[in-house]
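Every position in the sequence shown, counted from 1, becomes a number in the working numbering once 35 is added. No residue lacks a Cβ here, since even glycine has one placed at the ideal position from N, Cα and C.
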Amino acid sequence: MRIFDIARIASKTLKGRWAAVPIAAAAISMFCLCYAGAIITTVGEEKSKPYELSVAGGSGKLTDENIAGVSKLPGVCAVTPAIDVPAKIAIGERSAELVLSGIRASYLSGGLENGVMFPEESVMPYIVLNKAALGKFSNSGREDEAEDESGTENGDTASADTPETDALNSSATIQLDEVTVTAKICGILADGKAAAPEAYISLSAAKQLLFLNGESAAYSRAKARVKDMGEAARVSESIEALGLIVENPNGEIQAKWDRESNEMVYLMITGVFCLICLAVLLTMLKKVSLLEHGGSWSALIWTGFREKDIRRVFIFQSFFISCIGTMAGLLISLSLPSFLPQELNEKSVFMLNIPFLAAVVCAGVNILAGTTAMFGRKFADD
């Protein structure tokens, strides 16, 4: 018998009241598996991003030797000692209170949006700023006027008055407690999300500034870039084993990953349980149909309808039910975030976007689990 005829018989003999429960099981399974896949994809992408650790000395001071030890740890891409120099930086009439971080030039290599990196050794300090730091500059001569006219804070009005094209390659002055030094803005860093103001100079320039100001030029801390966030916890433990202190491990992010992983396990268990229920319900649907319409099936056999064709009818019915439930579950998964409040964006896994690949894989598993429930058993045994 032709496949088209078998499919038509399957659709006509399918009872809606018996199909509702397996459709619901398929929909719940699809919903749970889709969000489990979304969690796996999202956590995997977050763990693959580079991460920066801040390292401080333990019982002693940071030295080039223990910093070199950090650079040899597996998972560490780059390390630099850092010297923090709080200073007031002025560009023309604009000024800002910033912390200049003296680091190795190679540590920031490739992160510039405009300009060039500062030279490693130079008498005059060269400064690299990010856009958030540029927004901190205010025109001291127009502070009162800006407040009176716009009623806004200086930092908010400054970003519009301090375009990077004006700051780039401009002369600047660095004012410390005891000394004022001429400098130059040589590069602009690209900002990430929620970027904090950042200003960088070379290690040699930072040491010279502190020396002129009569302060110690010891390393304040070290920066260690880890190849991905998933390695941050392990690398932090390795750094602490060297007698150093990791000041900002990704504890909050790790807790978020652990919470989402637990939710993923619950969703997977629920989804697999619903898949088992789907297979059992479809098998029961087959038995009920054979009991209720046993005479009709026997008459079809007498007219030349083979047991193989009857099995195909039930396979088509299972395929229809699995497809309908899968589409319903997918539709609910895609539309649910639009009905949830935006306040849950960072708290609920149900605000995650369903990746296309995860949706395709989950749909395939759902439909396969439903249709294979009809294979492997002989019609005569039923």
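Same chain only: Cβ atoms within 7 Å of residue i, ignoring 5 sequence neighbours per side
i	result
A207	I124, A125, I126, I162, A218, K219 and I220
V419	Absent from the model: residue 419. The displayed extent of the chain is 36 to 417, so no value can be given.
K291	none
E81	M264
L203	N149, G150, I220 and I223
A252	I118, K242, L245 and F246
Euclidean distance between Cα positions of residue i and residue j
i	j	result
A55	P376	30 Å
Y86	I274	15 Å
T192	D293	With a pLDDT of only 39 at T192, under 50, the local geometry of the prediction cannot be trusted, and no value is derived from it.
P372	V384	10 Å
D344	M299	41 Å
P121	L279	24 Å
L164	Y254	21 Å
M64	K262	Met is not the amino acid found at residue 64; the sequence shown has Ser there. Going by the C-alpha atoms only, they are around 36 Å apart.
L97	P160	23 Å
G186	P116	Note that G186 scores 43 on pLDDT, short of 50, meaning its location in the model is unreliable and no value can be drawn from it.
D183	S205	In this predicted model, D183 has a pLDDT of only 45, less than 50, meaning its place in the structure is not dependable; the value taken from the coordinates is given anyway. One C-alpha to the other measures close to 29 Å.
I359	L403	13 Å
G92	L224	28 Å
E240	S141	The question names Glu, but residue 240 is Ala in the sequence shown. About 15 Å.
I102	I288	25 Å
M319	A276	60 Å
Y301	K382	16 Å
K166	E295	33 Å
G79	A71	12 Å
I311	K107	50 Å
R52	E342	25 Å
Q46	T76	The residue asked about is misnamed: residue 46 is Ser in this sequence, not Gln. Approximately 37 Å, taken between the alpha carbons.
S173	I209	15 Å
E188	V90	Its pLDDT being 43, under 50, E188 is placed unreliably in this model, and the coordinates cannot settle the point.
G405	F391	21 Å
F153	V396	49 Å
G137	A268	26 Å
Residue i - DSSP class collapsed to helix/strand/coil
i	result
G127	coil
T197	Summary for T197: the model assigns pLDDT 44, below 50, so the residue's position carries little reliability, and this model does not support an answer.
A259	strand
N204	coil
S237	strand
Y254	coil
D212	coil
K322	helix
L371	helix
P116	strand
G363	Residue identity check: residue 363 is Ala in the sequence provided, not Gly. Three-state result, A363: helix.
T98	coil
L49	coil
S383	coil
A231	coil
Residue closest to residue i, alpha-carbon to alpha-carbon, out of the options
i	options	result
V214	L244, K382 and S237	L244
L482	T361, L135, I389 and A268	Residue 482 is absent from the structure shown; the chain starts at 36 and stops at 417.
S83	V315, S89, A398 and R260	R260
A231	A257, A168, I288 and A42	A168
C309	P121, E100 and V400	V400
A398	A225, L325, E378 and G306	G306
G265	A91, G72, P109 and N101	P109
I118	V105, E250 and K107	E250
A61	A240, S370, I389 and M362	M362
L317	Y301, R341, I350 and E342	I350
A73	E378, F374, L369 and L403	L369
V158	V105, T77 and K242	K242
L147	V114, G92, S106 and Y235	Y235
R129	E81, D201 and G79	D201
K322	T76, M386 and Q352	Q352
I389	F374, K382, T406 and L365	L365
Whole-angstrom C-beta distance between residue j and residue i, which should lie under 8 Å
i	j	result
C69	A394	6 Å
I356	I58	6 Å
V105	A257	7 Å
Cβ shell of residue i (< 8 Å), same chain only, five flanking positions each side left out
i	result
L247	L211, E213, V214 and V216
R139	T115, P116, E155, S237 and L238
A42	F351
G176	At G176 the pLDDT is 41, less than 50, meaning the model places this residue with poor confidence; the figure from the coordinates comes in the next sentence. Excluding positions up to five away in sequence, the list reads E128.
Residues of its chain near residue i, where Cβ-Cβ distance is below 6 Å and the 5 sequence neighbours each way are ignored
i	result
N297	none
I367	F66
L143	none
S324	none
Residue i at chain D interface by Cβ criterion, 8 Å
i	result
G249	Here there is only one protein chain, and chain D is not present.
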